[in-house]
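In the UniProt record's numbering, the protein residues as written are 1 to 882.
Here it is as structure tokens:
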């Protein structure tokens, strides 16, 4: 910054890249001086303020002095530059420094979000942008009032303002001191009447001023950020809210000044990492991405969407350090929005173009580019999702991750683009982005959504209510009924989905050489069409925060995993994550699972067991986390379930994939009159049920949300000795059932599934130990699923080999018997070189006591070929190998 006696004609750039332009009015008499705004923290600060953590504000513009009652010079007048006072003394408590009138002159070359300064807000209808007059608001008889100039709603406070200089927002009649006083009154007096229903203010006294308690939190936690709910501001003072929305780049630094003055008055000995920054959120000017238009530029907006990509941290230069290579004189130039104003003349030795940029003495700040995609609720029919570019700075870097659904509050910007990088000509079409001021994770209708990235907090009364619910003997059934209450019956399926939502306990067996133990539960729903499979998937998708919904036919392998694309900003190859990675720590719902092609399904093997995703393409080799639960739905090949076929034959999925599902449920249409009558009564009741029933259902939803959030965050159950012995005996019993008849009814994967389900059931009871009752329920649920999915249709017995090898033990034994019978039949014919396939098949059918199909015969031929007993030539000839 320049000294008061010798002020630079260039504007002093801001430390904040999303605010600018507060303008002081001059003294009414030539001899008066502009008084500095001081704070208790002023004595502890140097003349040149340290770089701020926030790159989002700039520019107070002073008007030139004038005689009382006369009109002030236009903002572009050269006199404004010559008579500019030392503005570095005005703002001692704000982390910002304001610009000079020279930035105004340069800003007329750009739109409202121009690269330098804050330009006039153009009125294209009356073309009055260069004829707007600035008046001294301290004079109640000003000519502007006589002409009917608009006011900012200050009212009587404006007419009673004392004579003398006042800071105003450039191009408006908004007085900075009045804006600051109003904000201080808001902080001192506002109490939230709806605080009892607001989870963000749990633990605070609702009768005391809300934001004074937050100031005390800042003093205690030493986190210098003040989140201001714009709805509270609008409720307290409509004019102040309007000024914040219309002029955020000028009003926010004013709020910063006020909050720092109040804080250091109350806590003068506190030392913070940097000065307190105000972060407004929940602006009523909420827009969907398609609704953003040029009149929103440089205004405070709030939009919602899902983060689909975040860039690496980009170092952005905030202060450039120059050194003269003739006399070694050094100077520091602050940078505004990426533009370095290199000094051309050394004022020490008067040498032109002698400065060299010293990078390691310059100051840098963090910056991150974020892509936000439109949420499906805001999309018009038949349209593709819209995306918008966000820029986060310093403390907001890495605040959100891909897959998060967030509400973003920031300032809408338009940036000029050059026609050629080597030329200064600009394109007429500007590029837009949003400078982020506040992130808020929004999933109020979803389960266990964490507010602002913090651990979910519950009041002691709420925790007591949840613990009382957990002590009830029917808590398991109550929570299961709250899952998709509009879907009739399917109780076991709802219980399985409930256990999937809770999940098991994540364990690390790295020391034992195994790595991480999967805690997520995978479920497959298969059966007849029209049995509510897709509705269950949609319900879970709308319930869980980090969830993704996709269809088997509309998904590709790279769409599920990750693909390489070119970054439009840097033109470098970057990795764009797919549905499975975006659903990390969530649930991925895949409908029409049987319609996937083999290449798409093959990527699921690693994800479903190792919970990772290995990528090696285009020179990018990495391993991504995909700790996601999979909830899939599949329809049978023949459109209706064939009970005479196994599950492998019905849905034609590879057995290597089916064995990775913990629970496989079969949903069939029973075709029973009593069932049909009950189902019809349930469906009709959905259309005429009373409002009280709706309210009860909403209550259950709220309890389910908090119950799940509390259990997942604070309950990590471990196996007790009794439960461990019961798991061992259950697994041994499962193996013993099929050993007598040569069938395999359990594998180690089934034991691991039992452990996960038992841990999830312990979480349902909010228990830190897995008891025998949890193992019994997990075994019952697992056995019910196996009865439906792993039953051999020929023997009617459970055979897990169907899921693990694709063939039941009975079918494998029958195949061996047919191959032996075919061998004996060919050997009985003596030394014959060739045989006719059709005749041999007919003879084998006639000599066998059981029915032999063509498929069984071909399997037997294939087995004998593998044993090198015969070979098949063409379609009709068998050659016997002697």
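Note that beta-carbon positions come from the ideal geometry of N, C-alpha and C, so glycine has one too.
Contacts around residue i, its chain only, beta-carbon distance under 8 Å, and the 5 residues preceding and following it disregarded
| i | result |
| --- | --- |
| residue 731 | 746, 750, 751 and 754 |
| residue 843 | 825 |
| residue 406 | 304, 305, 306, 307, 372, 400, 439, 440, 441 and 442 |
| residue 351 | 324, 326, 327 and 345 |
| residue 426 | 416, 417, 418 and 419 |
| residue 228 | 211, 255, 278, 279, 280 and 281 |
Residue nearest to residue i in terms of C-alpha spacing, selected from the options
| i | options | result |
| --- | --- | --- |
| residue 668 | 683, 545 and 533 | 533 |
| residue 219 | 735, 231, 539 and 269 | 269 |
| residue 650 | 594, 703 and 769 | 594 |
| residue 670 | 528, 413 and 425 | 528 |
| residue 336 | 588, 415 and 485 | 415 |
| residue 711 | 209, 766 and 541 | 766 |
| residue 188 | 369, 170, 211 and 174 | 211 |
| residue 709 | 545, 562, 852 and 557 | 545 |
| residue 555 | 589, 535 and 575 | 589 |
| residue 246 | 297, 559 and 562 | 297 |
Contacting residues, own chain, Cβ-Cβ under 7 Å from residue i (five flanking each side not counted)
| i | result |
| --- | --- |
| residue 714 | none |
| residue 626 | 580, 581, 584, 607, 611, 612 and 613 |
| residue 385 | 373, 374 and 379 |
| residue 876 | 836, 837 and 838 |
| residue 467 | 766 |
Collapsed DSSP secondary structure at residue i in the structure displayed
| i | result |
| --- | --- |
| residue 856 | helix |
| residue 427 | coil |
| residue 666 | strand |
| residue 344 | coil |
| residue 309 | strand |
| residue 271 | coil |
| residue 495 | helix |
| residue 238 | helix |
| residue 190 | coil |
| residue 622 | strand |
| residue 725 | helix |
| residue 363 | strand |
| residue 280 | strand |
Beta-carbon spacing of residue i, residue j below 8 Å
| i | j | result |
| --- | --- | --- |
| residue 371 | residue 308 | yes |
| residue 310 | residue 321 | no |
| residue 230 | residue 304 | no |
| residue 480 | residue 491 | yes |
| residue 365 | residue 316 | yes |
| residue 182 | residue 215 | no |
| residue 620 | residue 573 | yes |
| residue 497 | residue 523 | yes |
| residue 342 | residue 319 | no |
| residue 500 | residue 631 | yes |
| residue 615 | residue 561 | yes |
| residue 835 | residue 880 | yes |
| residue 663 | residue 781 | yes |
| residue 674 | residue 601 | no |
| residue 552 | residue 563 | no |
Inter-residue CB distance, residue i and residue j (contact presumed, cutoff 8 Å)
| i | j | result |
| --- | --- | --- |
| residue 430 | residue 301 | That pair is no contact at about 16 Å. |
| residue 682 | residue 391 | Contact flag wrong, Cβ pair sits at about 51 Å. |
| residue 587 | residue 628 | 7 Å |
| residue 225 | residue 277 | 6 Å |
| residue 281 | residue 191 | 19 Å between Cβ atoms; not a contact. |
| residue 486 | residue 504 | Contact doesn't hold; Cβ gap of about 28 Å is too wide. |
| residue 434 | residue 397 | Between residue 397 and residue 434 the Cβ distance is about 15 Å, and since that is not below 8 Å, they are no contact. |
| residue 332 | residue 502 | About 56 Å; that fails the 8 Å criterion. |
| residue 525 | residue 618 | Contact doesn't hold; Cβ gap of about 36 Å is too wide. |
| residue 860 | residue 815 | 7 Å |
| residue 275 | residue 260 | 5 Å |
Contact set for residue i: own chain, Cβ-Cβ below 6 Å, skip 5 residues either direction
| i | result |
| --- | --- |
| residue 254 | 176, 179 and 180 |
| residue 758 | 770, 774, 775 and 778 |
| residue 857 | 841 |
| residue 638 | none |
| residue 241 | 233 and 234 |
| residue 258 | 180, 183 and 184 |
Closer than 8 Å to chain B by CB, residue i
| i | result |
| --- | --- |
| residue 847 | The structure shown has no chain B; it contains just one protein chain. |
beta-carbon residue i near the ligand FAD non-hydrogen atom, thresh 7 Å
| i | result |
| --- | --- |
| residue 223 | The ligand FAD is absent from the structure shown, which contains no ligand whatsoever. |
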